[in-house]
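Visitor: Pasting a structure below so you can have a look.
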Amino acid sequence: AGLVSNNIILEKANIPRNQKSPILSLVLMISIISGIVVVIAFIAIRYLLFNKIISIDDIQDYSNIPIIGAIPISRIKADVSKLLLHRHPKSMLAESFRNIRGNMEFIKTEGSSKIITISSTISGEGKTFVALNLGAIIAMSGQKVIVCDLDLRKPRLHKSFETDNIKGISTILIGRDAIEDCIHKTEIDNLEFITSGPIPPNPSEILMQESYTKLFEDLKKKYDYIIVDTPPIGIVTDAMASYKIADYPIYITRSGVSPKAFVAHINDFVENSKIKNFSIILNGIEGGDTRFGYGYKHGYAYKQGYKRYGYGYGYGYVDHMKGNHYYSKDDEPKISFMQKLKEFFKFKGINK
Numbered sequence: 003a004g005l006v007s008n009n010i011i012l013e014k015a016n017i018p019r020n021q022k023s024p025i026l027s028l029v030l031m032i033s034i035i036s037g038i039v040v041v042i043a044f045i046a047i048r049y050l051l052f053n054k055i056i057s058i059d060d061i062q063d064y065s066n067i068p069i070i071g072a073i074p075i076s077r078i079k080a081d082v083s084k085l086l087l088h089r090h091p092k093s094m095l096a097e098s099f100r101n102i103r104g105n106m107e108f109i110k111t112e113g114s115s116k117i118i119t120i121s122s123t124i125s126g127e128g129k130t131f132v133a134l135n136l137g138a139i140i141a142m143s144g145q146k147v148i149v150c151d152l153d154l155r156k157p158r159l160h161k162s163f164e165t166d167n168i169k170g171i172s173t174i175l176i177g178r179d180a181i182e183d184c185i186h187k188t189e190i191d192n193l194e195f196i197t198s199g200p201i202p203p204n205p206s207e208i209l210m211q212e213s214y215t216k217l218f219e220d221l222k223k224k225y226d227y228i229i230v231d232t233p234p235i236g237i238v239t240d241a242m243a244s245y246k247i248a249d250y251p252i253y254i255t256r257s258g259v260s261p262k263a264f265v266a267h268i269n270d271f272v273e274n275s276k277i278k279n280f281s282i283i284l285n286g287i288e289g290g291d292t293r294f295g296y297g298y299k300h301g302y303a304y305k306q307g308y309k310r311y312g313y314g315y316g317y318g319y320v321d322h323m324k325g326n327h328y329y330s331k332d333d334e335p336k337i338s339f340m341q342k343l344k345e346f347f348k349f350k351g352i353n354k
């Protein structure tokens, strides 16, 4: 017996005469559009999650602390902070420090000899580099300056000058060495320095002794400016002793490195400690940021308002007519979206 199918062919299939294949142009277009969408989404997510300080605007959004200068990023690679201004006295770097020095002159202080204390929240924001080169630019104007390394936990100043650290601040404070025996000269006239000395077992206690106050009283008799490089205030409390005696307490933030939360932290620090004349320097800005340029197309501006170590370079301007020595937000061009995106991939140089 045989089986008969119940299926009936209603219409025969048409056999195409030409071979069919995917439309290459359509596939290519879809691939390109998909790639662009993915890249834009990735960039947008990173941009929204990026919480670092990039510009003056970012600081102003969170604080009214005066900003007395900004320092452009350097492409020079170095493991330690170095003096650079005396080798390039007409550079934009030198001009930036001159502007910072000029802005400081508008801050009222008591006494003829002035103490400048420089710190940051964490290491790596540029305080040592700023201390060295700010001291250099002041010394180059004919003032007698000494830089003191009061970071008794992680000293760096002796490495910058490639000298030993057998004696210094720590041995002076315990009475083992005299101040005169610990002073080092530099290649810049009027600029000298004292290293930290051997790391003591109790840095905080040493800085609370009477010898600490006497050290600065003796230095004031000989120098016009005393620049103190302290440990980061966000890690230890040693910097507080120096901030309390400072005529110019300066806080360093670094573009692309310092989180915006640091600004809120420093607001609380200033409010609780009642420190006067507190100011901020923004370190490591992109050179293309036209707000801060001697020779940049937007010229100068002024503004009004309130774990690692590093360095950096920047600008300010003094409005002599108004007596205002800060940046003006009204005069500042906004940083573009693309400029901010460059912070994700920017070159890391000496400002680290």
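Each position in the sequence shown, counted from 1, maps to that position plus 2 in this note's numbering. From the three backbone atoms N, C-alpha and C, an ideal C-beta is built for every residue, glycine too. These numbers were taken from a predicted model, which means no experiment stands behind them.
Starting from residue 221, trace the alpha helix (DSSP H) both ways and give me its first and last residue.
Guide: That run of the alpha helix (DSSP H) goes 212 to 222.
Visitor: Please check the pair residue 148 and residue 189, which I expect to be a contact at CB under 8 Å, by giving their CB distance rounded to whole angstroms.
Guide: The Cβ separation is near 15 Å, so there is no contact.
Visitor: Go ahead and label residue 135 buried or exposed: buried means 16 or more other beta carbons lie within 10 angstroms of its beta carbon, across all protein chains shown.
Guide: Flag for residue 135 reads buried.
Visitor: Span of the beta strand (DSSP E) holding residue 71?
Guide: First-last of the beta strand (DSSP E) with residue 71: 69 to 74.
Visitor: What would DSSP say about residue 259, mapped onto helix, strand or coil?
Guide: Three-state result, residue 259: coil.
Visitor: So which of 132, 114, 218, 123 has the shortest CA-CA distance to residue 263?
Guide: Per the Cα distances, 123.
Visitor: Confirm, please, whether the CB-CB distance from residue 83 to residue 253 is below 8 Å.
Guide: No, the pair does not count as a contact, with Cβ atoms beyond the cut-off.
Visitor: Tell me the DSSP secondary structure of residue 14 in three-state form.
Guide: It is coil, neither helix nor strand.
Visitor: Can you tell which of 35, 67, 6 has its C-alpha closest to the C-alpha of residue 266?
Guide: Closest option to residue 266, Cα to Cα, is 67.
Visitor: For residue 251, collect the residues of the same chain with a Cβ closer than 6 Å to its Cβ; drop the 5 residues on either side in sequence, then sort them by chain order.
Guide: Here the set comprises 119, 245, 277, 280.
Visitor: May I ask which residues mark the beginning and end of the alpha helix (DSSP H) holding residue 105?
Guide: Its alpha helix (DSSP H) spans residues 94 to 106.
Visitor: Would you call residue 49 buried or exposed, if buried means 16 or more other Cβ atoms sit within 10 Å of its Cβ?
Guide: So residue 49 ends up on the exposed side.
Visitor: Enumerated in chain order, which unbroken segments of the beta strand (DSSP E) with a length of 3 residues or greater are wholly contained in the segment 109 to 170?
Guide: Taking only runs of at least 3 residues, the beta strand (DSSP E) segments lying wholly in the segment 109 to 170 are 116 to 122, 147 to 151.
Visitor: In terms of residues, what are the limits of the alpha helix (DSSP H) holding residue 181?
Guide: Counting along the chain, the alpha helix (DSSP H) containing residue 181 begins and ends at 181 to 184.
Visitor: Rounded to whole angstroms, what is the Cα-Cα separation between residue 312 and residue 30?
Guide: Below a pLDDT of 50, predicted positions are generally treated as unreliable, and residue 312, at 33, falls in that range; the measurement from the model is reported next regardless. Cα-Cα distance, rounded: 47 Å.
Visitor: Assuming residue 125 and residue 234 are in contact, meaning their beta carbons sit under 8 Å apart, how far apart are those beta carbons, in whole angstroms?
Guide: About 5 Å; that satisfies the 8 Å criterion.
Visitor: Taking the alpha helix (DSSP H) that residue 38 belongs to, which residues open and close that run?
Guide: Where residue 38 is concerned, the enclosing alpha helix (DSSP H) stretches over 26 to 51.
Visitor: So, for residue 17: in the same chain, excluding its five sequence neighbours on each side, which residues have a beta-carbon less than 6 Å away from its beta-carbon?
Guide: Contacts found: none.
Visitor: Once you ignore the five residues that flank residue 103 on each side, which residues in its own chain have a CB closer than 8 Å to its CB?
Guide: Result list for residue 103: 136, 139, 140, 143, in chain order.
Visitor: So residue 227 is in the beta strand (DSSP E); what residue range does that whole segment cover?
Guide: Per DSSP, residue 227 belongs to the beta strand (DSSP E) from 227 to 231.
Visitor: Consider the Cβ of residue 138: report whether some Cβ of chain D lies at a distance smaller than 8 Å.
Guide: Chain labels in this structure do not include chain D; a single protein chain is all it has.
Visitor: I need the DSSP call for residue 281, collapsed to helix, strand or coil.
Guide: Three-state DSSP puts residue 281 in a strand.
Visitor: For the beta strand (DSSP E) that contains residue 194, what are its first and last residues?
Guide: Start and end: 193 to 196.
Visitor: Could you give the distance in angstroms between the alpha-carbon of residue 173 and the alpha-carbon of residue 180?
Guide: Each residue's alpha carbon lies about 8 Å from the other.
Visitor: On the criterion of 16 or more Cβ atoms from any shown chain inside 10 Å, does residue 53 qualify as buried, or is it exposed?
Guide: Exposed, by the Cβ-count rule.
Visitor: Can you name, in chain order, every residue of its own chain whose Cβ lies under 7 Å from the Cβ of residue 100, other than the five neighbours on each side?
Guide: For residue 100, where only same-chain residues beyond five positions count, the Cβ hits under 7 Å are 139.
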